[in-house]
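Numbering (my numbering), first residue to last: 176 to 461. Heads up, the thing below is written out as structure tokens.
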Ligand SMILES: Nc1ncnc2c1ncn2[C@@H]1O[C@H](COP(=O)(O)OP(=O)(O)OP(=O)(O)O)[C@@H](O)[C@H]1O
């Protein structure tokens, strides 16, 4: 078993939205970044996988086990941070330790207190006295403190300043140093994924557009900038998406090295994940 998560053909319909036959794998020892615009279906996919919403179709295997029959044992080995998770406001931070000891056999109080001191969170404070960023940190360190093998994180770093975000990204990278572990992470902070993701899964309007390695994307894709005459000389198959701007065309190409060989005077920029998403979503097809 090489994958910690395997989702097959997940379908979930709401009145105005359908997550449509989505497949996703999260290999062991890897970080998979889930990207897509607001409302694309990332949270629905994560909640469907965890049994928090009920898909009409599809199968989910975590650690090779079927979530329909083994969710209880699976949950012992995963750490989850959801976009809308919350702790009871009136609790003190240190009460989380007492509660979680009763929830997880592998709960590690000393690791929990180490993380609290590393992130500067006072155990005797009430949760409602913490800033938004501190609460987020608390959620993440709580998810890590029972030695999970898999982290499933929906927007874990939103609202955090760049310094703390970097600390958290370091923790994520340490986490998958153990090659049995993996992380599935949905985020709008695509620059974070450029640093840490091994794979990117791009969901658009309920459909999986692609699942590729970060290197395939960043080393392969490019943005060709050209005028109208040059644009019309391009092979349609080389144009994934394009945008016509005031003075030029921006063309998303899948293999920028090939395009450079074919059109030797072309100006081709490297891609960022943000530009890739923008062109896929806002660009046109020939
Ligand atoms: N309980 C629900 N009832 C009806 N529609 C829902 C429900 N939950 C989600 N949706 C709809 O499903 C679609 C996908 O929502 P989802 O939260 O999965 O998107 P997302 O990619 O996580 O978005 P964001 O980046 O904004 O968090 C949206 O159109 C949303 O309105």
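Virtual Cβ for every residue (Gly too), placed ideally from N, Cα, C. The model shown is predicted, which means the values in this text are computed figures rather than measured ones.
Residue i: CB within 8 Å of a non-hydrogen atom of ligand 1
| i | result |
| --- | --- |
| residue 363 | yes |
| residue 213 | yes |
| residue 233 | no |
| residue 330 | yes |
| residue 417 | no |
| residue 220 | yes |
| residue 374 | no |
| residue 194 | yes |
| residue 216 | yes |
| residue 228 | yes |
| residue 258 | yes |
| residue 191 | yes |
| residue 381 | yes |
| residue 378 | yes |
Interface flag, residue i vs chain C, CB-CB below 9 Å
| i | result |
| --- | --- |
| residue 435 | The displayed structure is made up of one protein chain only, and chain C is not part of it. |
Identified DSSP bridge partners for residue i
| i | result |
| --- | --- |
| residue 376 | 209, 386 |
| residue 401 | 424 |
| residue 361 | 209, 329 |
| residue 232 | 186 |
| residue 459 | 417 |
| residue 353 | DSSP, once it has assigned bridges, lists no residue as partnering residue 353. |
| residue 444 | 398 |
| residue 178 | 202 |
Residue i, DSSP secondary structure in three states
| i | result |
| --- | --- |
| residue 422 | coil |
| residue 184 | strand |
| residue 190 | coil |
| residue 202 | strand |
| residue 308 | helix |
| residue 240 | strand |
| residue 342 | helix |
| residue 439 | coil |
| residue 217 | helix |
| residue 195 | strand |
| residue 323 | coil |
| residue 167 | Because the chain spans 176 through 461 in this model, residue 167 falls outside it and cannot be assessed. |
| residue 369 | helix |
| residue 314 | helix |
| residue 410 | coil |
| residue 429 | coil |
| residue 335 | coil |
Beta-carbon separation (whole angstroms), residue i vs residue j, contact threshold 8 Å
| i | j | result |
| --- | --- | --- |
| residue 235 | residue 224 | 5 Å |
| residue 182 | residue 197 | 6 Å |
| residue 378 | residue 343 | So it is not a contact: roughly 23 Å between Cβ atoms. |
| residue 427 | residue 398 | 6 Å |
| residue 205 | residue 302 | The pair is not a contact, with the Cβ atoms about 32 Å apart (cut-off 8 Å). |
| residue 321 | residue 281 | 5 Å |
| residue 444 | residue 423 | The Cβ separation is near 12 Å, so there is no contact. |
| residue 210 | residue 448 | 7 Å |
| residue 324 | residue 356 | 5 Å |
| residue 215 | residue 255 | About 20 Å separates the two Cβ atoms, so there is no contact after all. |
| residue 454 | residue 425 | 7 Å |
| residue 257 | residue 329 | 5 Å |
| residue 194 | residue 219 | 5 Å |
| residue 186 | residue 226 | With a Cβ gap of about 15 Å, residue 186 and residue 226 do not count as contacting. |
| residue 416 | residue 381 | The Cβ separation is near 19 Å, so there is no contact. |
| residue 331 | residue 360 | 7 Å |
| residue 237 | residue 180 | 6 Å |
| residue 308 | residue 336 | 7 Å |
| field | Continuous beta strand (DSSP E) assignments of at least 3 residues falling wholly in the segment 247 to 300 | value | 253 to 256
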